[in-house]
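Reviewing the structure listed below.
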Amino acid sequence: MDVDTKPASPFRTRAEKAQEREQKRDAVLTAAVRMFNARGFHATSLDDVAASLGISKPTIYHYLGNKEQVLIECVTRGLEPLRVAAEQARSEEGRGIDRLRRFLIAYARTNMDDFGRCMVRTGDELLSPASAAEIRARKSEIDRTLRALIADGIADGTIAAVDVKMSAFAIAGALNWPARWHDPNGPSGPQDIAVALVDTLIGGLAPR
1 MDVDTKPASP
11 FRTRAEKAQE
21 REQKRDAVLT
31 AAVRMFNARG
41 FHATSLDDVA
51 ASLGISKPTI
61 YHYLGNKEQV
71 LIECVTRGLE
81 PLRVAAEQAR
91 SEEGRGIDRL
101 RRFLIAYART
111 NMDDFGRCMV
121 RTGDELLSPA
131 SAAEIRARKS
141 EIDRTLRALI
151 ADGIADGTIA
161 AVDVKMSAFA
171 IAGALNWPAR
181 WHDPNGPSGP
191 QDIAVALVDT
201 LIGGLAPR
C-alpha cells in the first residue's frame, strides 16, 4: 500500500480522511511488526521499515512516532484481542472448564498472529520504564482472568483442586511458546494448533 502523504482532496469527507489515515498506519504497523518478529527489535530500524514500503522515515514519525512508539502500538494490538477475550470470558455463564477452554483457544490463536507474536516476544527491557509498566499492567489483567477462570472451574467441580497460580503459569507458558515456533506457512493453521494444545492442557486439569 502507498502510505506517502498526499494533498487532501477538498471533496473527501472527514470520515474518508480518517479511514485513509488508519489504512496508512496499518500498513506501517504491519511492515514493522513483521520485521520485528523476523529480525528482532534491536536489529530493525525505522529506515528498514520505511524502505520496505517505499516511504521516508519522517512519514513513519508522522503516523506513529518513534521506534518505541511503533513497538508499543504493535504490542497493544497484540494484547487487544486477549483483553476482549478476557472480558467475554468473565461475562459468560456455564461450566468453568468450558469458559476456560474458550478463552484459552482465543489466547493461543492470538499468539500466532503477527501482533500476538510481537506481544509475546517483547521483553520489558526493550521499553522505557513507563512503557514497560503500562504493558505489564495490561498483561497482568490477562493473567488475572486466567487465574479467575481456573478458580471458577475448581469451585464448580469441573476442574481438579490444582494450584491456581502454578497452573496459570504452566498454561500461559505452553500457549506462549507457539509465538516462537509456529510457521504461518506450515500444514497446520492457528485454529487447529490452538484446539490441540488447549485440549491437551485442559485434560490435565479435569478431575480424576
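Per the working numbering, the sequence shown runs over residues 1 to 208. Glycine residues also receive a C-beta, built at the ideal position from the N, C-alpha and C atoms. Here the structure is a predicted model, which means the values were calculated and not measured.
Under a 10 Å Cβ-count criterion, Glu-73 is classified as buried, with 16 or more other Cβ atoms of the shown protein chains found around its own Cβ. Contact between the stretch 72-86 and the stretch 123-138 is present: 3 or more CB-CB pairs across the two stretches fall below 8 Å.
Non-local beta-carbon contacts of Lys-57 in its own chain, meaning distances under 6 Å to residues more than five positions away in sequence, involve Leu-46, Asp-47, Ala-50 in chain order. Three or more Cβ pairs closer than 8 Å define a contact, and the stretch 112-119 falls short of that threshold against the stretch 88-98. Using a 10 angstroms sphere on the CB of Ser-167, the tally of other CB atoms reaches 16 or more, which defines it as buried.
Judged by pairs of C-beta atoms under 8 Å, the stretch 150-163 touches the stretch 98-107, as three or more such pairs exist.
A straight-line Cα-Cα distance of about 17 Å links Tyr-107 and Ser-188.
Within the model, the alpha-carbon separation for Arg-180 versus Thr-122 is close to 12 Å. Under the DSSP assignment, Phe-169 falls in the alpha helix (DSSP H) whose first and last residues are 164-176. Going by DSSP, Asn-37 is part of the alpha helix (DSSP H) stretching over 14-39. For Met-112, same chain residues with a beta-carbon under 8 Å away, outside a window of 5 residues either side, are Pro-178, Ala-179, His-182, Pro-184, Pro-190, Ile-193, Ala-194 in chain order. Check the Cα spacing between Ala-31 and each of Arg-14, Glu-22, Leu-53: the tightest is with Leu-53.
The criterion of a C-beta distance shorter than 8 Å is satisfied by Ile-60 and Val-28.
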